[in-house]
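Student: Top line first, the protein sequences correspond to chains R and E.
Each residue of the first sequence is one higher than the last, beginning at 5 in our numbering.
Each residue of the second sequence is one higher than the last, beginning at 5 in our numbering.
Provided herewith is a single structure, encoded as structure tokens, for subsequent inquiry.
Protein chains: 2
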Amino acid sequence: MEEVKLSKGTPGTKCPIEAALGIIGSKWTFLIIRDLLIDGTVRFGELLKSLEGISPKTLSVRLRELEESGIVVRTVYPEVPPRVEYTLTDKGKQLESIFIELKVWGLKL
Amino acid sequence: MEEVKLSKGTPGTKCPIEAALGIIGSKWTFLIIRDLLIDGTVRFGELLKSLEGISPKTLSVRLRELEESGIVVRTVYPEVPPRVEYTLTDKGKQLESIFIELKVWGLKL
DNA sequence: CCGTATCCTGGCGGATACTG
DNA sequence: CAGTATCCGCCAGGATACGG
């Protein structure tokens, strides 16, 4: 936590904060990642239950985006009935400090 | 940064991460706060220019929300033409660590 | 200069039904 | 079980004009 200065974007180079938000900034992504940080490996249906209010479609879309961004890995087990599990990549796990800070701050409300 | 465990909400107690996001989670709030963290004290018009793409209406709405949440202070100088300045409260300044982490992560993209 | 008042639109995301 | 397909409602937020 030493000597990191915040900065806006300059014309040409985009602000890294904006870049990060572009990936994890939509309504549900934060909470999906929270669940994955806590539970490690989670099935689709578990996420659906845990994230109260989310629709299967939205969950599906958000998970694919996160997969495409290299935050999440999707593993399919060829069983019947099918089983699919989601886990964070290393890049995804590195988000944990953000969530810690977010929680610390949120607790003071 | 020791021994903070993440957690979801339990029925009754809301997840602090969700609580935090409820306050600073909308599209522009992150970037408004970023600017205030960097510049300290900023006028309405400066924010309007700095946050490229935001409309005056939206900026106004977001600033009032932040004021109501105790993140931002609004100071009016009774001059002609009028001058209005925005600054972070202590609670607002405590958000800095979140932004640091967000930047650190964003830089690796 | 600092906003508010109006009007309007795009797209996020909910609900539901259906398939491999 | 794990999604996809379809339809649709809603509102965050843009554009603009105007007032104190």
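Glycine is no exception: its CB is placed at the ideal position from the N, C-alpha and C atoms.
Given that aspartate 39/R touches chain E, what residues does it touch there, using C-beta distances under 8 Å?
Tutor: Lys12
Student: Buried or exposed: where does serine 59/R fall if 16 or more other Cβ atoms within 10 Å of its Cβ makes it buried?
Tutor: exposed
Student: Quick one: what does DSSP say glutamate 83/R is sitting in, helix, strand or coil?
Tutor: coil
Student: Count the other C-beta atoms from every protein chain shown that fall within 10 angstroms of the C-beta of serine 11/R, then say buried if there are 16 or more, exposed otherwise.
Tutor: A residue is called buried once 16 or more other Cβ atoms fall within 10 Å of its Cβ, and serine 11/R, having fewer, is exposed.
Student: Can you list the residues of chain R that serine 54/E reaches, using a CB-CB cut of under 9 Å?
Tutor: Lys12
Student: Around the C-beta of arginine 87/E, are 16 or more other C-beta atoms found within 10 angstroms, so that it is buried, or is it exposed?
Tutor: Exposed, by the Cβ-count rule.
Student: In or out: glycine 110/R buried (at least 16 other Cβ within 10 Å) or exposed?
Tutor: buried
Student: Starting from the C-beta of tryptophan 32/E, find all residues in its chain whose C-beta is less than 8 Å away, skip the five residues before and the five after it, and write them out in chain order.
Tutor: Annotation for tryptophan 32/E: Leu55, Ile58, Thr62, Leu63, Arg66 place their beta carbon closer than 8 Å to its own, counting only its chain and skipping 5 residues before and after.
Student: On the three-state DSSP scale, how would you describe leucine 55/E?
Tutor: coil
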